[in-house]
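A short write-up of the structure that comes next.
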Amino acid sequence: IASCLVGSEMCIRDRTSTILHLLIKAKDMTRLLPPNYNVTLEGYSIIMRPIEINDIGEEYVSWLNNPEINEFLEVSSQREQTFKDIIQYVNKRRSDGTEVFGIITKYNNKLVGTTGLFNCDKKIEYQNMISLRLIEGDSKSTMLTLGYGLMIGDKNAQQMGVGGEAYIYMLSIIFDIIKADLIFNMAVLNHKEVIIMAERAGFNKLYYLKDHIELSDDKYDGIVLTMTKDEWATKKKRFRKLLDRLKINNEK
């Protein structure tokens, strides 16, 4: 009887330990890692800062599952997105040393979209650019090369032109704060709005990729656009009115 009681006690302890482990794991799924770039930008009509857990609600999830919004996003080729998926995505970016920023309109203090960085030193496109002698560099060097994407989910914000403003402020983060050497943006060739926005910001078209981008229904031709830190130093002068109104709070 004694040994049965001991065995039962051990069994209860094991079950309790398992339950606690699962509860801790579940709680971790609702946590975001600390931001890598704890910087807040207040511009003309928007504020940009690292995304927070309270930003990720039903509306945000609905954007990623809306075909009109996610048509040219990576998630369009994946299953329906959930709150947990977004947490994992943001944490993956932060564990890689990059970041996801929330875009908030000042007049109503509402999250209307996001913009995210990723490390291109680990991406095959960057190595291809070097091997094709389109850019100078070494994929094993210390050259800081970043890529980024932008999503404006709120329709009113889309009509207000928030995306263009966020685009310029993101370039300021990349070159003026993070001090990157090169930024590149790979877009679906059919996504004319993004390509036009990139060209207006000063990006250069580098090369085309046949059937390179796989989305929900098919493979699409892509285009790689780039900008160097020296090009930004020259081209940002045309955005002086926007950048002069930019307030930066860079918390260490």
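If you count by the working numbering, then the sequence shown holds residues 74 to 325, one letter each, in order. The C-beta atom is built at its ideal place from N, Cα and C for all residues, glycine as well. Since the model is a prediction, treat every value here as computed from it, not as a measurement.
Three-state secondary structure (DSSP) of residue i
| i | result |
| --- | --- |
| D169 | coil |
| F276 | coil |
| P107 | coil |
| I321 | strand |
| K310 | helix |
| K292 | strand |
| K265 | helix |
| S214 | Since pLDDT at S214 reaches only 48, below the 50 mark, its modelled position is unreliable, and the value read off the structure follows with that caveat. Three-state result, S214: coil. |
| W305 | helix |
| S150 | Below a pLDDT of 50, predicted positions are generally treated as unreliable, and S150, at 46, falls in that range; the measurement from the model is reported next regardless. Note: S150 maps to helix in three-state DSSP. |
C-beta atoms of residue i and residue j nearer than 8 Å
| i | j | result |
| --- | --- | --- |
| N323 | I250 | yes |
| Y117 | R273 | no |
| G170 | N192 | yes |
| D128 | G175 | yes |
| L244 | V163 | no |
| E172 | N109 | yes |
| T103 | I124 | no |
| A221 | L190 | Note on residue identity: the sequence assigns Tyr, not Ala, to residue 221. In this structure, L190 lies closer than 8 Å to Y221 by Cβ. |
| I247 | K179 | no |
| G275 | M300 | yes |
| I160 | V134 | no |
Inter-residue CB distance, residue i and residue j (contact presumed, cutoff 8 Å)
| i | j | result |
| --- | --- | --- |
| M233 | G186 | Not really, about 11 Å apart at Cβ, beyond 8 Å. |
| E238 | L315 | 6 Å |
| A253 | K302 | 7 Å |
| L114 | Y240 | No, L114 and Y240 are not in contact; Cβ-Cβ is about 12 Å, not under 8 Å. |
| I296 | K308 | Wrong, their Cβ atoms sit about 19 Å apart, outside the cutoff. |
Terminal residues of the beta strand (DSSP E) in which residue i lies
| i | result |
| --- | --- |
| G237 | Looking at the DSSP string, G237 is not in any beta strand (DSSP E); the run it does join, the alpha helix (DSSP H), is 235 to 245. |
| T113 | 112 to 115 |
| R313 | First-last for R313: 313 to 317, but that is the alpha helix (DSSP H), not the beta strand (DSSP E). |
Beta bridge counterpart(s) of residue i as assigned by DSSP
| i | result |
| --- | --- |
| M224 | T187 |
| T299 | F257, N277 |
| F174 | P123, T188 |
Limits of the alpha helix (DSSP H) - the one that residue i falls within
| i | result |
| --- | --- |
| S118 | Run containing S118: none; DSSP gives neither H nor E here. |
| E131 | 131 to 137 |
Beta carbon proximity, residue i to chain B, threshold 8 Å
| i | result |
| --- | --- |
| L105 | This model lacks chain B altogether, as it is built from one protein chain only. |
Residue i CB to nearest heavy atom of the ligand NAP below 7 Å
| i | result |
| --- | --- |
| G175 | Looking at this structure, you won't find the ligand NAP or any other ligand, since it has none at all. |
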